[in-house]
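Residue 110 in the working numbering sits at position 110 of the sequence shown, with consecutive numbering throughout.
For every residue, glycine included, the Cβ atom is placed at its ideal position computed from N, Cα and C.
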Amino acid sequence: MCIRDRMGYGSMVSAPLAGGFLTGKYNDKQIPEGSRFAGDKLGKEESGKLIKIYEGAGGKNIYSKLKALGELAKELKCTQAQLAMAWCIVNKDVSSCLVGATNPSQILDNLGALEVAKNWTAEIEKRVEGIVRNKPTPDFNWRDWKPLEPRRSTQININS
């Protein structure tokens, strides 16, 4: 049994919106004026480094993945940020998500993720996984010689 299950531990997600990449504002490869990566807040050099990190973490087709997440969010009648936050919230291994906001409307938008999480289904999970394709390889139970159930497949129901 995993220590998270045995001790009731969970992870704290410190960047559930990936520095803004998962909000939808960078889906078209443009950096909006006034955004974190515009250079005026972090500086051009630091912004460039962070963009390369996020682009590298998402794979070579990160922008097509971001656009697909945006389309799914529209279909679910939520924002792309709410979809990303809900994906974190329903993971049983997550205890909390730290969010940052530069204005009150972003805080309100982030809180909307709770409604999305309440309506989360296995079908939504499957569709998100089909887009991001980042499901971890499950651990292996060497005593039984069988793979363990993937951690991401077990989610919490926030309605209970």
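An exposed status is given to Cys2, since fewer than 16 other beta-carbon atoms sit within 10 Å of its beta-carbon. Between Gly20 and Asp144, the alpha-carbon positions lie close to 42 Å from each other. A residue is called buried when at least 16 other Cβ atoms come within 10 angstroms of its Cβ; Leu69 meets this threshold and is buried.
In this structure, Pro16 and Cys78 do not form a Cβ contact; the two beta carbons are roughly 14 Å apart against a cut-off of 8 Å. Membership of Ser14 in any beta strand (DSSP E) is not indicated, and neither H nor E is assigned to it by DSSP.
Around Ala117, the same chain offers Ala86, Ile89, Val90 and Ile158 as residues with beta carbons nearer than 6 Å, after the five sequence neighbours per side are excluded. Boundaries of the alpha helix (DSSP H) harbouring Cys88: Gln80 to Ile89, taken from the DSSP string.
Here Leu66 is buried: its Cβ has 16 or more other Cβ atoms, across all protein chains shown, within 10 Å. In the three-state reduction of the DSSP assignment, Pro104 falls in the helix class, which pools H, G and I. Under the DSSP definition of a beta bridge, Val94 partners with Ser11. Its Cα nearest to that of Leu22, the residue Gln106 stands out among Met7, Arg4 and Gln106.
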